[in-house]
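Enquirer: This structure is in structure tokens; I'll ask about it shortly.
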Amino acid sequence: MFEFFPGIKSWSFTGIRVLAESYYGGGEFNECVRTFSRMRAGDAESWHKEWLASAQAVGAVAERARAAGHSETAKKAYFRASNYYRNSEFFLPHTDDRKIDTYKRSLACFRSAANLDADIEVIKVPFDNTPMPGYFFHPTPRREKPPVVIFMGGADSTAEELYFLGTREALVRGNACVIVDGPGRGGMLRLQKVLARPDYERPIGAIVDYVKSRKDVDGERIALLGLSMGGYYCARAAAYEKRVKACVFHFGAYDALSEIYDFYPPLRGQFQWIVGANSEAETRKALSRFTLEGSAERIECPLLVLHGEDDVVTDCKGAKRLFAEARCEKELRLFKSGEPGSTHCAYDNHAEVFPFIHDWLRDRLMV
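The sequence shown begins at 20 in my numbering and counts up by one.
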């Protein structure tokens, strides 16, 4: 993986992440590189300041374009500004008030873009006493009763970011897509203070209920796609939610405590936040329940497992263990060290990986 910030892996990886998302409209290479060039490497305050400046500049482009009636230009700029705001809050601790304020700006820009796109619906999925916020994306072009892919992100992602992680690959293949911030994620965590939970079959089951309540989709053809920690969430749901027809475990964790928390220390503060812990001991106790042990063998639908040997965020041993224990139709794609796609979530190979994933899903949802 190329390092924009040599010796600072968390910064270099996060930089590659936004560049990968640029492939699907979440940024622009030159805007990103100019932002990197203004930073003091390793200074989190500088990271926040420079991404904030870029977000504000691109947001101003969007506002001018909208005022001039240039909706396509405005939509694209709003999308980029949304992702730049998200980057700006990324390294801020959750105790910093600016984190929520910056997230709200990211959300507002994404919603402004969505308002300019007739194929994006802002939705709320009923769940317990706190509806889960998210989006419904119609296939392009629209078709009658399409299958649906439910896309879940990881411990530090938002529903808005996931749009830039290959969602359009689902849409151009005739599938609709639902992206929702469940417990411990995005707006559910930041604005409603709903914490992560190990039994993710419950919130995902609520999303399946929502999909099946819609008259414009095929509620019998629903798939799950989980990225990073979302891989755990989706695999856990697939074990118990039998209405799901296929599941993709994309660089996920079998055991969140050993394979992410212990494996990648930079995420420890994030995990403490999403589980609502006040100490490392409390965090470890809470995360010990986030495991697929006793669940993996219950998965019955077709399962695609992807991981890479150069992943520094999530230990690939979990993917191998899930694949070994699953008793369903299954496929493992393991990217070898040095091979494009071997970094976390294959951020260095999105041009090939997400088309492959959505071809695999289409083949199983269109039958």
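By construction, the Cβ of each residue, glycine as well, lies at the ideal position given by its N, Cα and C atoms.
In angstroms with no decimal places, state the Cα-to-Cα distance between H269 and G245.
Expert: Approximately 6 angstroms between the Cα atoms of the pair.
Enquirer: Under the three-state reduction of DSSP, which class applies to T186: helix, strand or coil?
Expert: Note: T186 maps to helix in three-state DSSP.
Enquirer: Do you know whose CA, among F183, S356 and A370, lies nearest E328's CA?
Expert: The shortest Cα separation from E328 among F183, S356 and A370 belongs to S356.
Enquirer: Tell me the rounded alpha-carbon separation between S41 and F183.
Expert: The straight-line gap from Cα to Cα measures roughly 7 angstroms.
Enquirer: Between the beta-carbon of L306 and the beta-carbon of A275, is there less than 8 angstroms?
Expert: Yes, they are a contact pair.
Enquirer: When the Cα atoms are used, what is the spatial distance from F6 to W30?
Expert: Since the first and last residues shown for the chain are 20 and 386, residue 6 lies out of range.
Enquirer: In whole angstroms, what is the alpha-carbon distance linking G295 and T302?
Expert: Going by the C-alpha atoms only, they are around 8 angstroms apart.
Enquirer: Taking the DSSP output, what are the residues bridged to E140?
Expert: Answer by DSSP bridge pairing, in chain order: F155.
Enquirer: Do P321 and R383 have their beta-carbon atoms positioned less than 8 angstroms apart in this structure?
Expert: Contact flag set, yes.
Enquirer: Just to confirm, is the Cβ distance from Q289 to A174 under 8 angstroms?
Expert: Contact: yes.
Enquirer: With burial defined as no fewer than 16 other Cβ atoms inside 10 Å of the residue's Cβ, what is the status of R162: buried or exposed?
Expert: R162 comes out exposed.
Enquirer: Between T33, N297 and R255, which lies nearest to L216 when the distance is taken from Cα to Cα?
Expert: Residue 216 is actually Arg in this sequence, not Leu. Nearest C-alpha to R216: R255.
Enquirer: Measure from the alpha carbon of K387 to the alpha carbon of each residue in E319, F282 and E350, then state which is nearest.
Expert: As displayed, the chain neither begins before 20 nor continues past 386, which places residue 387 out of reach and without an answer.
Enquirer: Over the uninterrupted beta strand (DSSP E) stretch that includes R352, give me the two end residues.
Expert: That run of the beta strand (DSSP E) goes K349 to F354.
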